[in-house]
Amino acid sequence: MSEIVIRHAETRDYEAIRQIHAQPEVYCNTLQVPHPSDHMWQERLADRPGIKQLVACIDGDVVGHLTIDVQQRPRRSHVADFGICVDSRWKNRGVASALMREMIEMCDNWLRVDRIELTVFVDNAPAIKVYKNTALKLKGLVRSTHCVMVNMSMHIIWRG
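Heads up: the sequence shown runs through residues -10 to 149, numbered per our numbering.
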């Protein structure tokens, strides 16, 4: 396999990112609604305070996306949360781990972030496996926070 290159997401990446997020295997593990518009993705990739976006590329193709959201309120400015997704064709090939390593490096050494928070659905075993292999530690469970396709579910809150 070719090298995984992590770089800042550019507005020109919106179509590749939109296609990744449009995959049922991806959006079913987010709180997003399927079929987002091109315009929404173009706006999401525009510069916004506290938001850093990374993409993972293999042979020049975008195969993963991670958004870091550094909180802007003064009492939470040391906290970031993030969202991550990987093209279903590139699962289990180290893409998520590479994005996570770079995100933790940025938070630790560049963004003045002391705490990284993450919400993940309890039935998203592949994601939980990736998170367990990082410096993030389980801090709590929250029940019935969102509607899933069948019933109410829980999510896990992780903090680094």
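We put the CB at the ideal spot given by N, CA and C, even for glycine. Small disclaimer: the values here were computed from a predicted structure and weren't measured.
Closest to residue i by CA distance: which of the options is it?
i      : options                     : result
Asp2   : Asn113, His28, Asn18        : His28
Val102 : Val119, Arg78, Arg64, Asn81 : Arg64
Pro115 : Glu94, Ser86, Lys128, Cys96 : Ser86
Pro38  : Ala11, Leu100, Ser77        : Leu100
Quick test of your reading: residue i and residue j, contact by CB under 8 Å. State the CB separation rounded to the nearest angstrom.
i     : j     : result
Asp70 : Glu32 : Going by Cβ atoms, the distance from Asp70 to Glu32 rounds to 19 Å, so no, they are not a contact pair.
Cys74 : Val15 : 5 Å
Cys96 : Ile57 : 7 Å
Trp79 : Gly53 : 7 Å
Ile9  : Asp50 : Actually they do not touch by this definition, with Cβ atoms about 11 Å apart.
With 16 other CB atoms within 10 Å as the buried threshold, where does residue i fall?
i     : result
Ala35 : exposed
Leu43 : buried
Report the three-state DSSP secondary structure of residue i (helix, strand or coil).
i      : result
Gln61  : coil
Val119 : helix
Glu4   : helix
Cys96  : helix
Ala85  : helix
Tell me, please, whether the CB atom of residue i is closer than 9 Å to any CB atom in chain B?
i     : result
Asn18 : In the structure shown, chain B cannot be found, because there is only a single protein chain.
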